[in-house]
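The sequence shown maps to residues 2 to 116 in my numbering. From the three backbone atoms N, C-alpha and C, an ideal C-beta is built for every residue, glycine too. Inspection log for the structure reproduced underneath, given as structure tokens.
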Amino acid sequence: VQLQASGGGLVQPGGSLRLSCAASGITRINARGWYRQAPGNQRELVASTTSQGTTEYADSVKGRFIIAGDNAKNMVILQMNNLKLEDTAVYYCLFKAGLNLQDYWGQGTQVTVSS
2 VQLQASGGGL
12 VQPGGSLRLS
22 CAASGITRIN
32 ARGWYRQAPG
42 NQRELVASTT
52 SQGTTEYADS
62 VKGRFIIAGD
72 NAKNMVILQM
82 NNLKLEDTAV
92 YYCLFKAGLN
102 LQDYWGQGTQ
112 VTVSS
């Protein structure tokens, strides 16, 4: 099993970034999501999507972030628009798979919003 996240970087407030996470070696994917963890904070859910297309967003990102799952490519995308300083964090992708909904985490990608 391998998850490869990419797309992080440095952006000014109001800018956009697109995070991607590709998974290999995982079958029966039930849900995909993105979490983030800022220094001194707990890891928190940013957005998630199920294989049936149900999506969930943290209140702080609603209207700015869009999550999309690509079932054929085993990928999850997070389009982040109108980024704010408080979006600065390490972002982790998560896949839930199998009958027992096992968690598979990506390695994390740094997003820094700074002027």
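Keeping to the same chain, check which residues put their C-beta closer than 8 angstroms to that of residue i; ignore five residues upstream and five downstream.
i       : result
Asp-104 : Leu-95, Phe-96 and Lys-97
Ala-59  : Glu-45, Leu-46, Val-47 and Ala-48
Considering just the uninterrupted stretch of the beta strand (DSSP E) at residue i, what are its terminal residues?
i      : result
Val-2  : No beta strand (DSSP E) holds Val-2; DSSP gives it neither H nor E.
Thr-50 : 45 to 51
Please identify the residue among the options whose C-alpha is closest to the C-alpha of residue i.
i       : options                           : result
Thr-113 : Ala-39, Thr-50 and Asn-101        : Ala-39
Leu-86  : Val-62, Glu-57 and Leu-100        : Val-62
Thr-56  : Asn-42, Trp-35, Ala-73 and Gly-41 : Trp-35
With a CB to CB cut of under 7 angstroms and the five nearest residues on each side skipped, what residues in its chain are close to residue i?
i      : result
Asn-83 : Gly-15 and Arg-65
Shorter than 7 angstroms, the distance from the beta carbon of residue i to the closest heavy atom of the ligand PLP, or not?
i      : result
Asp-71 : You won't find the ligand PLP in this model; it holds no ligand whatsoever.
If I measure Cβ to Cβ from residue i and keep anything under 6 angstroms in the same chain, skipping five residues before and after, which residues do I get?
i       : result
Gly-9   : Thr-110, Gln-111 and Val-112
Asn-75  : Ala-24
Gly-107 : Leu-4, Ala-6, Cys-22, Tyr-93 and Cys-94
Gln-80  : Arg-19 and Ile-67
Output yes or no for whether 8 angstroms exceeds the beta carbon distance between residue i and residue j.
i      : j      : result
Ser-52 : Ala-32 : yes
Val-12 : Leu-4  : no
Thr-50 : Gly-70 : yes
Taking all protein chains shown into account, decide if residue i is buried (16 or more other Cβ within 10 angstroms of its Cβ) or exposed.
i      : result
Val-77 : buried
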